[in-house]
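Residue numbers (this note's numbering), protein chains in the order written: chain A, 1 to 59; chain B, 1001 to 1227.
Note sheet for the following structure.
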Amino acid sequence: MVNRYLVAAYSLVWLIFMVYAWSLSRRQERLKKDLADLEARVREASARSDAPGAAGYKS
Amino acid sequence: MSKAFPLRLHLAVTLAWFLVALYMIFLYAPRELTMGEVQRIFYIHVSSAWTALLGYFLVFLGSVAYLWKRSRAADDFAYACAEVGFVYCSCVLVTGPLWAKPVWGIWWTWDARLTSTFVLWLLYIAYLMLRAYVTNPGRTEVLAAVVSIIGAVDAVVDYMAIRWWRTQHPQPVIGGGEGSGLDPRMWYTILVTWGALLCLFVYLVRVRIGLAELRREARQLRRELAA
Chain A
1 MVNRYLVAAY
11 SLVWLIFMVY
21 AWSLSRRQER
31 LKKDLADLEA
41 RVREASARSD
51 APGAAGYKS
Chain B
1001 MSKAFPLRLH
1011 LAVTLAWFLV
1021 ALYMIFLYAP
1031 RELTMGEVQR
1041 IFYIHVSSAW
1051 TALLGYFLVF
1061 LGSVAYLWKR
1071 SRAADDFAYA
1081 CAEVGFVYCS
1091 CVLVTGPLWA
1101 KPVWGIWWTW
1111 DARLTSTFVL
1121 WLLYIAYLML
1131 RAYVTNPGRT
1141 EVLAAVVSII
1151 GAVDAVVDYM
1161 AIRWWRTQHP
1171 QPVIGGGEGS
1181 GLDPRMWYTI
1191 LVTWGALLCL
1201 FVYLVRVRIG
1211 LAELRREARQ
1221 LRRELAA
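Laid out in structure tokens, this is it:
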């Protein structure tokens, strides 16, 4: 007969690791998206400052 | 390290190792005569406990290295080990009562070993909360390092509790005195299980350090945009 305590122990350990892995991957996805947005904004900002006449606007 | 041993390969090795460990736990290791099937909780419980203790020791080492050298990498390492160590410590606290209930007849008792493990878990939480909510650069890391040093003392007490005091928790069967010991098949099984858990620990720490690096990169870009 399968021991319910044994099943519960291994199932809960599996669940704990799954929840942590899910939390890591969610944070990683969010950070990668943030980074992509920020890089696009930095590129945009540098393109604007390099554009001809950009200095004129500044002054 | 990520080039020499890519994360995906590391994960594949970990999963394969776990399959071997599960085979050994449920099919290879002999059935213990007194406790029966429930004794198989031992393999995951004890190896998680060893890893949680090792994790705290690594947090301590990373923190001391940070205090000494002010090394960002050492601090990232300590933070990652604390987070992953907390997960392992949670596994210990979940599997312990599930083994205690059928064997001792109680879920929990406040003996020295169980209490010091619970305190270790609370210290892991204190460390992580400090990192999450005290956002004063430089100071947060120092405060966290102090918590890790207190935790290291508790980790030693936790390890030694069953050697120093008579507790409800069994006396050590591994590294214990005369009359202690394990069947060789149980020995191989616990070592393989611990190996799998260690491999997973290193994998999770690597992923967590990667997250810290991404976060720092994002912070740097935000600063560039604000300037």
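Heads up, the beta-carbon is just placed ideally off N, CA and C, and yes, glycines get one too.
Here the structure is a predicted model, which means the values were calculated and not measured.
Output the boundary residues of the alpha helix (DSSP H) element that contains residue i.
i         : result
Asp1111/B : No alpha helix (DSSP H) holds Asp1111/B; DSSP gives it neither H nor E.
Gly1210/B : Pro1184 to Ala1226
Phe1228/B : An answer regarding residue 1228/B cannot be provided, because it is not within the stretch 1001 to 1227 covered by chain B.
Gly1138/B : Here Gly1138/B belongs to no alpha helix (DSSP H), and DSSP marks it neither H nor E.
Gly1062/B : Ile1041 to Lys1069
Ala40/A   : Arg4 to Asp50
Arg1072/B : Arg1072 to Trp1104
Name the DSSP beta bridge partners of residue i, please?
i         : result
Gly1036/B : Glu1032/B
Is it buried or exposed, residue i, if we count other Cβ atoms within 10 angstroms and call 16 or more buried?
i         : result
Tyr10/A   : buried
Arg1131/B : buried
Asp1183/B : exposed
Arg1208/B : buried
Thr1014/B : buried
Tyr1133/B : exposed
Tyr1056/B : buried
Gln1220/B : exposed
Trp1110/B : exposed
Val1087/B : buried
Pro18/A   : Correcting the residue type first, residue 18/A is Met in the shown sequence and not Pro. Flag for Met18/A reads exposed.
Ala1098/B : The question names Ala, but residue 1098/B is Leu in the sequence shown. Looking at its Cβ environment, which holds 16 or more other Cβ atoms inside 10 Å, Leu1098/B is buried.
What are the residues of the segment 1081-1097 of chain B that lie near chain D, defined by any Cβ-Cβ distance shorter than 7 Å?
Any reference to chain D falls outside this structure, whose protein chains are A and B.
Assess contact between the segment 1105-1118 of chain B and the segment 33-46 of chain A, defined as three or more Cβ pairs (one per stretch) separated by less than 8 Å. Is contact present?
Touching, no, given that fewer than three Cβ pairs across the two stretches are closer than 8 Å.
At least 3 beta-carbon pairs within less than 8 Å: the segment 1192-1199 of chain B vs the segment 1046-1059 of chain B
yes
Assess contact between the segment 1117-1137 of chain B and the segment 1081-1096 of chain B, defined as three or more Cβ pairs (one per stretch) separated by less than 8 Å. Is contact present?
yes
At least 3 beta-carbon pairs within less than 8 Å: the segment 1075-1089 of chain B vs the segment 1053-1063 of chain B:
Here the segment 1075-1089 of chain B makes contact with the segment 1053-1063 of chain B; the two share three or more CB pairs at distances below 8 Å.
Examine the Cβ distances between the segment 26-37 of chain A and the segment 1212-1221 of chain B and report whether three or more of them are shorter than 8 Å.
yes
For the segment 1015-1027 of chain B against the segment 1159-1168 of chain B, do three or more pairs of beta-carbon atoms, one drawn from each stretch, fall closer than 8 Å, so that the two count as touching?
no
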